Structures are given as structure tokens and as C-alpha cells.
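Enquirer: Residue numbers (full-length UniProt numbering), protein chains in the order written: chain A, 1 to 382; chain B, 1 to 382; chain C, 1 to 382; chain D, 1 to 382. Note that the Cβ used here is the ideal one computed from N, Cα and C, for glycine as well. Since the structure is predicted, the reported quantities are computational estimates derived from the model, not experimental observations. This is the structure I have questions about; it appears just below.
4 protein chains.
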Amino acid sequence: MNDTDRTGLWLVGARGSVATTVATGLAMMTSRAHGRDGLVTELPVFVDAGLCPLDAIVTGGHDVSEAPLAKRAAALADAGVIPASALVLVGDELDRADERLRRGYDPEEEGQAEGVQRLADDIREFREREGLARVVVVNVSSTEPVAQDDPAFESLAELESAWAAGRSPLPPSSTYAAAAFLAGAAFVDFTPSTGARVPALRELAEREQVPWGGSDGKTGETLVKSVLAPMFAARALRVRSWSGTNLLGGGDGATLADPDAMASKAVSKARGLEAMLGYPVEGPVHIDNITDLGDWKTAWDNITFSGFLGTRMTMQFTWQGCDSSLAAPLVIDIARLADLALRRGESGPMTQLGFFFKDPVDSEEHQLFTQLDSLGRWACAS
Amino acid sequence: MNDTDRTGLWLVGARGSVATTVATGLAMMTSRAHGRDGLVTELPVFVDAGLCPLDAIVTGGHDVSEAPLAKRAAALADAGVIPASALVLVGDELDRADERLRRGYDPEEEGQAEGVQRLADDIREFREREGLARVVVVNVSSTEPVAQDDPAFESLAELESAWAAGRSPLPPSSTYAAAAFLAGAAFVDFTPSTGARVPALRELAEREQVPWGGSDGKTGETLVKSVLAPMFAARALRVRSWSGTNLLGGGDGATLADPDAMASKAVSKARGLEAMLGYPVEGPVHIDNITDLGDWKTAWDNITFSGFLGTRMTMQFTWQGCDSSLAAPLVIDIARLADLALRRGESGPMTQLGFFFKDPVDSEEHQLFTQLDSLGRWACAS
Amino acid sequence: MNDTDRTGLWLVGARGSVATTVATGLAMMTSRAHGRDGLVTELPVFVDAGLCPLDAIVTGGHDVSEAPLAKRAAALADAGVIPASALVLVGDELDRADERLRRGYDPEEEGQAEGVQRLADDIREFREREGLARVVVVNVSSTEPVAQDDPAFESLAELESAWAAGRSPLPPSSTYAAAAFLAGAAFVDFTPSTGARVPALRELAEREQVPWGGSDGKTGETLVKSVLAPMFAARALRVRSWSGTNLLGGGDGATLADPDAMASKAVSKARGLEAMLGYPVEGPVHIDNITDLGDWKTAWDNITFSGFLGTRMTMQFTWQGCDSSLAAPLVIDIARLADLALRRGESGPMTQLGFFFKDPVDSEEHQLFTQLDSLGRWACAS
Amino acid sequence: MNDTDRTGLWLVGARGSVATTVATGLAMMTSRAHGRDGLVTELPVFVDAGLCPLDAIVTGGHDVSEAPLAKRAAALADAGVIPASALVLVGDELDRADERLRRGYDPEEEGQAEGVQRLADDIREFREREGLARVVVVNVSSTEPVAQDDPAFESLAELESAWAAGRSPLPPSSTYAAAAFLAGAAFVDFTPSTGARVPALRELAEREQVPWGGSDGKTGETLVKSVLAPMFAARALRVRSWSGTNLLGGGDGATLADPDAMASKAVSKARGLEAMLGYPVEGPVHIDNITDLGDWKTAWDNITFSGFLGTRMTMQFTWQGCDSSLAAPLVIDIARLADLALRRGESGPMTQLGFFFKDPVDSEEHQLFTQLDSLGRWACAS
């Protein structure tokens, strides 16, 4: 990588909790005000990967909200998501970041064909104005309801026909994916929304020769599952039930209280368990909106299992985490890694990013350490 | 391995809960009355290792107690450790196993030099009478207090001088290790006791060209630690404290209530955490004797950690397991794997067995999956 | 009470887990094979109440199943609900109890008017054949879906008209309540089903001058709530959210997996919290069917609260109980106390029994110790 | 009470976390900046007790530290114990409160006889200078090691002889109690230290006709115990073991890591359980210093119990509370109630305050609701 290269990180949902934490964190780390805990790409295994430095990342993004970043940051400081000192230390930088944000896509106000072009133009303009070598788009907006299948999803030709006919078949997350591809940017979906996962958009990414990945960041309960399930398997202990309850507030809690969105998330959460164990396991996964919890999440899992001669045993865990705080550094990691893929001229699904996701594209590998090994090998391959 | 080969599994503490579960389980599985859950060596990764079949394993052992195996089994069935049906299904086989047990070593009644010879003779006689190709000795007796250092530990010559002078410097676990080595058997310590871990005995194992291993079976809280600590490390989350409370009854609970024995166990438990994380972590590990819990153990761990920009979070887990049930299949696994080492003519510390232990000999690797990889590679190497 | 008096305990769902545990337990305690743990009416506070002795209680009941009691008991022993020794010690007594059971009400096979008469005849015949002074009917059958409102519920006259017209408006639980009243027996609903809680049946109980009560036995999570919520109130700590997850298998788990029945149970569980705290509290209550848990239930509650100057704090609890084992002694307690009400000639809602119920009839008192005080005062009033 | 009466609350350990939270909270509530959550004396049951208004309470106190209150408050705000807004809103009032603090007793620098006189003079001077009607002294300093018995404890005469002989037999907490009594103030020990609980000081309180009370504020794990243990008793469930682990940092954590102090606290914690259940229960109580937790405490309790026919069940709870935040309003409650006792001319042990304490003076009643009833009746008695 050229020493003077700079990389753009374009966030969809750029005024949300995760994006605000990303912007604040980059500013804090760049000004040396804070350490790099939580950043996977700062682990020794990535030292030879030649990833772009943190101070070479420039943020921008789309959002349908117009709330100032500084105000969002103040709310996050109150909730203990970011340190109160950040408001003073990097307030100016947040204001500058705010100027790089653009109006998001609202299907009520804009046709989809026009919208995609406008969004792509915003990304191109960001690259040119800031003199960026490459741009990575990451979707961190609220989870959307499961999209209804549409014939226009099936091929790029059908999608373009639909657009030509004035239809708007794509859900919002896919609209942003399309715009990213048209602008020559990588696209990664950190949410369980549809994003790039329809054949028409796979085709578009292929045509534009850009890499893409996702879906659904693995930040809490599923992260723990991805090491505990292999543990039971490694000891030949038979998991008999695995029940999970997730309590969360904030924007995500409210969204997921919508049963449609919840269906999307619950499926994504359940998928990996059978893959890791090799057999189906009973047990519901609940997601509840508890407004009092704000940006914090409490998950409780109850696991029943049997061992030698059928003896029954139990394990439980409770996870009390701050989702935005857990997600933000991973978004930065993903930006650095997708930037590397762009630099290497790779295109298509980034299966090497499975480590970060509940529902990794084109991969059935859900074991955390196997995923980390693959990622490390990919990153350090010359 | 010759198809007609049979292997001896000689248990120290042969009338205890773990050993009785081993004997019952082998009989149950051999008679096809039960599946093989809990047996690691039945996982696909070991299919090409050529391990000895379960029905080729013959049990024997030493114990200072004289309680009949069948009576011990009845108590274990009452406590839910083994199925009640076992008492009927394999009662006869337990009676036959009982006849293969011999009187353990009691320092009050026997000099150590004589004791070691007598124990070794018992093992040799077992091998000859049963027509066994090889014998593996596994210590599953109660944890003993931390042994006082003694100059006789330092070399085989000094140990033999001490014995010649009528002294008895070794703790009981080491006495059994010495007997195993003299009888040409492998020795593995499943407890945190001293076992073979003194220079004099390392020397003896070398002279007799036998393999040995240990220590302290990883069956509950530490097993979970060995996947959770690497999870925090893989996500660059900083563990700030890790506190553990272990409640257990039964023989082990009573023994560990003795502060000297507890010191031994707690040190063994704490050792791995720093190795896995790369930095020291505050937090006590308690072991309490709760007689009401019998053979069952409840562990609670509270982990505080920080992530991006220092945000503090918490994870807790509760493990409710049956130690004898968790340990017994691992003892069988160890017997099969040490038998393979003997067959291959390997000698000295079996570092490949670290997967099973809290305090693996001659190894600083504590991550479960890395340990399993090493073990699988060793087992399947031709 | 006359020394030779005997009392009948007629169980609806007489071959279910709770009823089988009741029958086994009465036989075990009468034969002095076991202590009286779990029986509230054996507490010192009831010593002067003159309750009927345990060996003066004769069981009978209705069930739509025909599975032999002894077989049900064997399954409960396997699951650890009752001791295995019971099968031998009181097997004969269970067989005798089995002969006192009658065919339950099946709306597919019997008109409701005829059914009620037949059920009432069964109860009368039981009383006469066994020479009983009084009979208490307790519903311990599976929870039924929430009943659809029907004009026939509104008055006895309308109910009788409906019956005369060949209609069957009552849900099964109410059919049994009607039969009990007609037979001059007390009726208590240990389930959240409708039971006697429709105006028509209240009227019938009044006409027949019999007492009745319920609903929904407080055996686990709600029991704990009924002391913890008052604790928060007593310390002026403000509860901000209270989320609960109940995992259970067995018959009840399967029934409650039906969303209609679950609605019934969840409402009943939620009702008390606001009454105890004086303000509404957010938080869902989930009930999940985990077949692997069998008769055992695991509940997890997460409570967020704030104190002085608004500081936020958290409490969690896990309850791992055996519902049948917790319910059975309460059913015996209720039989003895309703028998006392009958003896005293009391009729109408037994509000004094609120101590036992999640949804106490005609009472808004949910605090456990206040309920126990009321019950004790009532029982010992001469 | 006269409308213009003002009451002094003199805190021992006046620069500690609890005292700083008390001072901040009184200022915040007086300025109407905050609600009254956590204050028991604001519950409806106390409305007719005529307690002194919050804005009539003036704080002062002793401390061996000289750290400014405002600095302590800033640290508490950082730790989330008090709201950050308090630093601005009531900073001036904290500075004024700081001027009312006096140097604590240091046995290295002052003879005990002189020390007691000096401390008493400080309290008298506070009363006069501020024009206070009455003064209540509450000890909220760090827990001291268990005091060695001394013959001087046995009577006031012996204590005065010891003083006359230049000896210093009392532990610091008792020194403050003596000073309070000599100054005509009530004394309450919120810690498990000795305080007034030696015969010589009981005699002194009697002579000076002042009331006193304690000991060891019931703020977390023991508070929960005081409702759960009666719950098990009310349902005739037999508690078989009750194990507790308390993790805490801050000053108290460090002090209690000292085994001598821990002994004092653990005894105080264990005492009530047997009293509430009526039989002894096995199970250790651990207190561990985890510096990372700061002012926050995490307690985990594991309770095993058996019910009908001996069936074994389990309950666990986790309490994550902020000790200073839980203690501070209770200290204010105690001040108001002890002020009432002073006004009524009551003297000797205030057994009515048992509601607040793990180890209530002269009382074996540990059930929270029974204690609250007694307190309410006493307070509202005219």
C-alpha cells in the first residue's frame, strides 16, 4: 500500500449508535487518547498483513435521520458506551465527520433507480473530494423486516427491467449495496438485513469486480456459542437443548420487537448451532425489547447436555455487553480487511470474514477459532 | 496392533467414584447396552489412529479401601451418576472386576521401597495373569496435600539412597508412579497430586523407557475457561478479573476442604489463564466442600472485561456437572492413547495429552482446540 | 372434627404427574416411610387448626387417560420426581387408588349436561362408597386454552337454558367445577384454566352452599416474585424491568407451547407484579417447551432497578425446580384447608387461600407473608 | 417536633464513599434536583411518624483522611455511583459540608482518654455552632478487624480505670461510640465493627440516657436472604446448603480482604440464616477483593433445597449492586429514626432498627417484613 493512501469507510446508518461509536473511536485512537482494545486487526497475527493505518481511515455515510453526531455522542456518553471525555477531546472531529454525511434513501420520496444512482454519486463524490484510494461501505443501520421475494431479485437483467419500469423491488439495505457496487466500493452488511444477498446483486458485484460480505455481526450471545458449541463437540458431550433469551433496548431493541425483523435475526442466530454440533438441537431464541436497558444487552443461555452413560448436566451463561461498543471496533476491522481485498483486486463474496458474522456468506464454518485461522492466513498471504 | 492384543487399565483409587464409573461404563459399552457419549477417542478425528477397541481393555487397580465395587456402583446409581439399570446389567462383570483389585499402599504399614516393589509386582502379575500386551496406570485417587520438597526428589540415585536408608520420601501418588515405571507401564496422573513430576521419577521413566503424563483432569470450570479465555483474546477484549467458586461434595469435596490440598488444586486451576491471555488477571478461585452436592459440582465464574474505548462489560457462567461422569470417559481415552504411545515405543512426558489436563506436563499450551489439533495429529501420525 | 371422619380428595387429571405424586406421597407419609417436607399445613402455625390427619385423606379422581397409576409412578421415579423406593413401598396402595379413578369428561363423546351429572354422580358414589364426611375436588389437569366468552356464562339460568338446548358452552375445567358443586363438594383450581370463575358457576356454588377457590398454583418463579417484589418496595428501590423466561417440558410444557394456553398462563403470572409494586413494570414472561427438561422447570428472571439518585442496579435469579414435586404437597394442603371450610359451613370464594395462587380469587394481595398471615389467622380462628 | 428544629448527622468516616454519597444526596434532594428513591422513611407507612424533614438535616463528621469531599464526589461520579450532574449542581454545598468535618481519631497520635474527649468536643461544638436540636452519629468508616477482648470492656468503671492508667483498650469504632454518648448524641454502627457493643459502653449510654443501635447495614446479599429464607420456611422447603460469594472492590473490598476483618463480616452474615430457618445450614460465605469492581458488588448465592419426598432442587441468584448507593439512603433513614428516638427521650439499644442490619442489636428477628412491621409500628406510635 502506498504510504499516502487513504481509505474511506462509508457507513449506512451513519448517525446510529454503532456508527457514532466508530467515528468517536477513530478520532480518539488517532489522537492517541485511547488504546486499541477490541480491535481484532491490532492482534499480532495481523501485523504482517499491511493493513491501512487507523489514521488513514476517513468516515462518511448515509442516514435518514438528521440528528447531529455530537448530540448522539453525548447520549452515548451518558449511557456509558463511550467515555465522557470524548465529547471534549474529539468534539471538533465529530463536527467535521458530520459534514461528510449525506441524506439516506427514503422509498417514500425517491424512486429506487434514481435513489441508487444518487447514493452511488454520494460515494463517488466522497472518494474524490477526500482523495481516497478506495471506499468500503458497511451497513450498520437498524435491522429491516425480512424482504418479500420478488422476481426482480433473480438476475441483474430482471432487476434493471424492474427499475426501468419504475418499480422499487429492493429493500433499503440492498439499495445501498447496489449503490456501493456501482460506485466501485466494497459492501459489507453488519446487520441481518438482505443487503447484497440476492442473485441480481451478486451479479452486479461480479460485473463491477468488487468484493462484498456479511451478515449479522457476531458480538454477544452468538460469539459465546461459537466457542462453547465446539467445546461440547470436542468432548463428545451431547447438547440436548440450548435456550436463549436476549434482552436489549435502544434502537435495535425496538426494531427487533417487530416480529418480522425478529424472525430475520432469530433465524440467523440459530443457523450456526446445528452446523457446529452436527445435529439439530431444540430450544427457542427470544429477543425482547427492554427500553430500560438502552444500548446494553443481557443474554441468558441455558444448555442441557448429557455425557457418559447418558448422565444429564447443565450449563448457563449470562452476557452483559454493550452492543455498540462491541460492534464498533469490528466495523473498523472489517473496513481494513475489505480495503485489503480491494487493494488485492479480489471480488465476490469475502468468505474469509466469517469470523465476524452470525450468518457468514457462502460458508458453513461457525467455529470462532477456525474462522480466525482462515482470516489470519488470508490476511497474511502475500 | 495385533487383533488379539488386550490392554490393561490399572487404576489407582480403584474403588473410588471415577474408577467405579470407568469399570461400569466399559462393561455397559462392551455389552452394547449404551452409547459412547463423552468418549473423545470415538470422535471421527481418531478413526484412523488404530486405538485399541473398548472390549480389549481390562481393568484392575489398587485401593486402600475395601468397599466392594458393586456397593460403590449402587451408591453412584442412587446419586444419578450412572443409570440404575447398570446394577442389573453389568453387576456380574463388576464382581469379576473386583477380583482384579489389590490392596493399595499405606505408608503406616509398609516401607516405601518394599511398597513400590509390591505395587509393581501387582501390576506385573495383572499383566501376566490376564495375558495383556501393555498396561497403563492412571491415578484417580483423592487429591493429596502438596508434598514437601525432599532432597531425594532430585535424582534417582538420591531416591534410591533414601530408600536404602529406610526412608519414605515420596508422597503416595509418586509411589504409584514409581511402581508403574518399574513394571514397564505407562503412568498418567488425573489428579493434581505430585505423581511422576519429580526429577527422580522422570529419570526412572527414562531408564525404563516408558511414557507418562498428566496432570489434573480438565472436566468442568477449567474446561470452559480453556475456550472462553481464547475467545476474549481473539476479539481483543481485555479480561480485567476472573473469579471462580467451585462447590462440590463427595470424596473430592472433603479432600479439597483441606487447605493444603486446595492450594494444590487452586494453583493448577489458575495457571492456564495467564498463559492463554498473555497477562495476569486478578480473581480468586474458591473450592468449597458442600456435602449435600455429593458427586455433583456447581461452579460459578464472574468475568469482567473491557473493550473499545475502555467500556466495561461482564460475563458469568454456571456449570452444574457430575465430575465422575465427566472424568470417567476421559480416563478411558487416556488409557487408549497412552497404550498407543507404548505400542509406538515412545517414552518420557506425553505432551500430546494436554487436551485433558489443567496442568499439562511440559506444555504451556492451554487452548482446548489447539490441544485437540495436536492430539489428533499425533494420534493419526503413522 | 370427629375422630373417625375421613375426607375425600378428588383430583381432576388424576393420572397426571401432580396427582400421581399426591397419591404416592400420601401413601408414603401414611406408612411413615417419609417426612413431611413441603407440606405447609404441617408448619407450627397450623397446629391448632384441627386439620384432618393425612391418613384420613382418601384419593379418587377423573382422567381422560387410562394409563395405570403404577406406570405413571415408575416414570416419575425415573425422572427423579419421587424416590425409586416408592414403587416397592407403596405399589399396592397405588393399585388400590387406581381402582377409585373414573373416566373423565370428553366433549366429543358426551353432552355437557349429561356429562356434568355423570361426573357429579361419580363424586357422590365415591363419598358414599368410601364413607367420607366431605369431598374436596382439585383440578390438576393440563392447562386449557383461554375459554371464549359465552352468554351462558353470565348466569345460572342462562347456563341451564343452554344445557337444556343441548349446548355445551363450558370449557372442561368449568364442567368439573359444576359437577363438584352439584355433588356438594368444594372445588379448587390449581391450574390457570377457567374453573369456577364464571358468574353462572359462582351462582351455582352459592346455591349449593359450597366453598371454592384458585387459581394457578404458585410453585416457582412467581413464588420467588412474591417475596422479591415486596423486598424492593420495602427498600424504596424502583423496579424498572422484570423479564422472565420459563423453560419446562413434560405435559405442562407441551400444553403451554400452545400460544392460547400460554396467553392464559402469562397473564396470570404478570398480574401480581404491578399489584405488589404499585406501578406497571416492563418485561415479557416467556414460557417455552423444552422436552428434554421433562418434569423439571428452569426459570431465569432479570430485574433492573434503580435506587438513590437514580443509580441503576441488577438482580438475576435462576430457579431449577420440579413442578410436580412442588405442587403435590400444596394440593394436599389445599384439600385439608378446604375440608376445614366445608366443616365450618363456609361457602363462596375462599380468599384465604391466596397464599397458594398466582391469581387468587377475589383478592389483590400477592405478598407471600401477608397471605400466610391471613391464612394462619383464618385456619386457627375457632 | 418544633418546625425550626434542625438535626445533625455526624458521620464517622465522613470522607468515605457512603458519607460522600449521603452528603451529595441530601444536597441534591434538598435542591429538588432529584427524587427520593431508596429512602425507606419516605414510604407511606412513615407519613405519620413526624420525622425531621430532609432539609433540616445538617451533616458533619470525623475522618482520618483529608481528601476533599468534592474530589471524592468526582471519583464517585466517574464510577457511576452518583450522577455526574451532581458535581455542578451541589458542588458549593459539598464545599460547605467539607468545612464541617474534623480530624478523626488516630491511636498513634493521641491517647484514648484524650481522644474521646476531643471527639466529643467536636460533636458538641458542631451542635452549638449549627444550632442543632439533636445529633445522631453514624459510623460508616471501613470495617475494622475483630477486636481482642479486654477486661476494660466489662464495665464502665474498668474502662475508666484503664483510661486513667493511660491505656487505650477500645477499638476505634468504640472510641467514636464513647464520644457520641459523652456528647449526648445517639450512635449507630452501620459497619460490623465493635462500636457500642461492649458492656462498658452500654453502661455509658445508659448513664447518658442516649439511644444506640446497629450493626452492619443489610444492603445486598443479606437483604435478599432475609426474604428468601422465610420464603423457603413458609413453604416447608428444607434448605440443605446456602453458599455465597461476594466480589467487591473499593475501600471495603480492600479492608475485607484482610482475613481478620473478613471474619467479622462473615460471622455477621451467617448469623441470620439459622435464626430464620430454625436449623443450621452448611455453606461458606466468601468475600473477595476485586479491585476492578470499584464501588460495585457482585454477589452469587447457590441454594440447594429439598421438598416433598426429599426431591432435590436448586435456586441461584446474582446481585449486582452499588454498595454506597444502597447504603447512603439507609444512613439518612437511620438518622431520622434515631432523631425521633432522641426526641422521644428513649435510651438504650434501638431494637426497632433491625430492618436495616445484618446483625441487629438485642434481636434475633431477621425476617425483613416482620422487621419493617415492627419499625413502622414503633415510628407511628404516638
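1. Taking only beta carbons into account, state which residues of the region 293-320 of chain A come closer than 7 Å to chain B, listed in chain order.
2. Just curious, the beta strand (DSSP E) that Met-350 of chain D is in, first and last residue?
3. For Asp-122 of chain B, which residues of its own chain have a beta-carbon under 6 Å away from its beta-carbon, when the five flanking residues on both sides are left out?
4. At what residues does the beta strand (DSSP E) containing Lys-225 of chain C begin and finish?
5. Measuring alpha carbon to alpha carbon, tell me which residue in D:Glu-203, D:Asp-106 and D:Arg-344 is nearest Glu-154 of chain D.
6. Below 7 Å on C-beta distance, what does Thr-7 of chain D contact in chain B?
7. Does the Cβ of Tyr-105 of chain B have 16 or more other Cβ atoms within 10 Å, making it buried, or fewer, making it exposed?
8. Ignore the nearest five residues each way along the sequence and tell me which others in Ser-173 of chain B's own chain have a CB closer than 8 Å to its CB.
9. For Thr-311 of chain C, which of helix, strand or coil comes out of DSSP?
10. Interface residues of chain A around Asp-288 of chain C at Cβ under 7 Å?
11. Just to confirm the assignment, what range does the beta strand (DSSP E) spanning Pro-145 of chain D have?
12. Looking only at its own chain, which residues have a Cβ that is under 6 Å from the Cβ of Ile-290 of chain A, when we skip the five neighbours before and after it?
13. Should Cys-380 of chain C go down as buried or exposed, given a rule of 16 or more other Cβ atoms within 10 Å for buried?
14. Assuming Met-276 of chain B and Ala-229 of chain B form a contact by the criterion Cβ under 8 Å, report the distance between their Cβ atoms to the nearest whole angstrom.
15. Indicate whether Gly-283 of chain D and Asp-37 of chain C have their beta-carbon atoms separated by less than 7 Å.
16. With DSSP run on the structure shown, which of helix, strand or coil describes Thr-4 of chain A?
17. My output table needs one value for Val-198 of chain C: the three-state DSSP class, helix, strand or coil.
18. Kindly indicate which three-state DSSP category Gln-371 of chain C falls into: helix, strand or coil?
19. With contact counted as at least three CB pairs below 8 Å, one residue from each stretch, are the region 361-376 of chain B and the region 40-54 of chain C in contact?
20. Rounding to the nearest angstrom, what Cα-Cα distance links Ala-234 of chain D and Arg-377 of chain B in this structure?
21. How far does the alpha helix (DSSP H) with Phe-126 of chain C in it reach, from first residue to last?
22. Mind pulling the chain C residues with CB within less than 9 Å of Met-276 of chain D?
23. If the cut-off is 9 Å on Cβ atoms, which residues from the region 70-93 of chain D count as contacting chain C, listed in chain order?
24. Determine the closest residue to Ala-86 of chain C out of D:Leu-309, D:Ser-347 and D:Gly-91, with distance taken between C-alpha atoms.
25. State the Cα-Cα distance for the pair Ala-49 of chain A and Gly-80 of chain A, rounded to the nearest angstrom.
26. Can you tell me the Cβ-Cβ gap for Trp-242 of chain A and Leu-273 of chain A, rounded? I've got them flagged as a contact below 8 Å.
27. Is it true that the region 160-178 of chain C meets the region 311-320 of chain C, where meeting means three or more beta-carbon pairs spaced less than 8 Å apart?
28. Pick from D:Leu-156, D:Leu-89 and D:Trp-163: whose alpha carbon is nearest that of Glu-110 of chain D?
29. Using the three-state DSSP reduction, which class does Cys-322 of chain C fall into: helix, strand or coil?
30. Which of helix, strand or coil does DSSP assign to Ala-183 of chain A?
31. Identify every residue that forms a DSSP beta bridge with Gln-316 of chain A.
32. Give the straight-line distance between the Cα atoms of Val-137 of chain C and Ala-180 of chain C, rounded to the nearest whole angstrom.
33. Along the region 320-354 of chain B, where does the CB come closer than 7 Å to a CB of chain A? Name the residues.
34. Anyone know if the C-beta pair for Gly-25 of chain D and Ala-328 of chain D falls short of 7 Å?
35. Report yes or no: do the region 345-352 of chain C and the region 199-213 of chain C share at least 3 C-beta pairs separated by less than 8 Å?
36. Nearest-angstrom Cα distance between Val-224 of chain D and Trp-319 of chain D?
Expert: Let me lay it out:
1. Against chain B - using a Cβ distance shorter than 7 Å - the residues of the region 293-320 of chain A are Ser-306, Gly-307, Phe-308, Leu-309, Gly-310, Thr-311, Met-313, Thr-314, Met-315, Gln-316, Phe-317, Thr-318, Trp-319 and Gln-320.
2. Here Met-350 of chain D belongs to no beta strand (DSSP E), and DSSP marks it neither H nor E.
3. Closer than 6 Å at Cβ, skipping near neighbours: Arg-102.
4. Note, Lys-225 of chain C: premise wrong, no beta strand (DSSP E); alpha helix (DSSP H) at 221-234.
5. Selected option, being the one with the closest Cα: D:Glu-203.
6. Ordered by position in chain B, no residue passes the 7 Å Cβ test against Thr-7 of chain D, which lies about 39 Å from the chain.
7. Counting Cβ neighbours within 10 Å, Tyr-105 of chain B comes out buried, since at least 16 surround it.
8. Closer than 8 Å at Cβ, skipping near neighbours: Val-12, Asn-139, Ser-141, Glu-144, Asp-189, Thr-191, Ser-193, Thr-194 and Gly-195.
9. Coil.
10. Residues of chain A passing the Cβ test: Ser-243 and Pro-284.
11. It is not in any beta strand (DSSP E) - Pro-145 of chain D carries neither H nor E in the DSSP assignment.
12. Excluding residues within five positions, the ones whose Cβ falls inside 6 Å are Leu-247 and Gly-249.
13. Cys-380 of chain C should be labelled exposed.
14. Separation of the CB atoms of Met-276 of chain B and Ala-229 of chain B is rounded to 4 Å, and the pair is thereby assigned contact status at 8 Å.
15. No, these two residues do not count as a Cβ contact at 7 Å.
16. Judged by DSSP in its simplified three-state form, Thr-4 of chain A adopts coil rather than helix or strand.
17. In the three-state reduction of the DSSP assignment, Val-198 of chain C falls in the coil class, being assigned neither a helical nor a strand state.
18. In this structure, Gln-371 of chain C counts as helix in the three-state DSSP scheme.
19. Contact fails: fewer than three Cβ-Cβ distances are below 8 Å.
20. The straight-line gap from Cα to Cα measures roughly 59 Å.
21. 112-130 is the extent of the alpha helix (DSSP H) around Phe-126 of chain C.
22. The premise fails here: Met-276 of chain D is roughly 12 Å from chain C at the closest Cβ pair, so nothing lies under 9 Å.
23. For the region 70-93 of chain D, the beta-carbon criterion of a distance under 9 Å to any beta-carbon of chain C is satisfied by Gly-80, Val-81, Ile-82, Pro-83 and Ala-86.
24. Residue nearest to Ala-86 of chain C within the set D:Leu-309, D:Ser-347 and D:Gly-91 is D:Leu-309 (criterion: CA-CA distance).
25. Here the C-alpha atom of Ala-49 of chain A lies approximately 33 Å from the C-alpha atom of Gly-80 of chain A.
26. For Trp-242 of chain A against Leu-273 of chain A, the beta-carbon gap comes to about 6 Å, under 8 Å, which counts as contact.
27. The region 160-178 of chain C, when compared against the region 311-320 of chain C, does not touch it at the 8 Å Cβ threshold.
28. Minimum Cα distance to Glu-110 of chain D is reached at D:Trp-163.
29. Residue state, collapsed to three classes: strand.
30. Per DSSP, reduced to three states, the secondary structure at Ala-183 of chain A is coil, with no helix or strand assignment.
31. For Gln-316 of chain A, which the question treats as bridged, DSSP gives the partners A:Asn-302 and B:Thr-318.
32. In a straight line, the C-alpha of Val-137 of chain C is about 6 Å away from that of Ala-180 of chain C.
33. Along the region 320-354 of chain B, the positions whose C-beta sits under 7 Å from a C-beta of chain A are Gln-320, Gly-321, Cys-322, Ser-325, Leu-326, Ala-328 and Pro-329, read in chain order.
34. Their beta carbons are under 7 Å apart, which means Gly-25 of chain D touches Ala-328 of chain D by this criterion.
35. Counting C-beta pairs with one atom in each stretch, the region 345-352 of chain C and the region 199-213 of chain C have three or more that are closer than 8 Å, which means they touch.
36. Put simply, the backbone Cα of Val-224 of chain D is about 9 Å away from that of Trp-319 of chain D.
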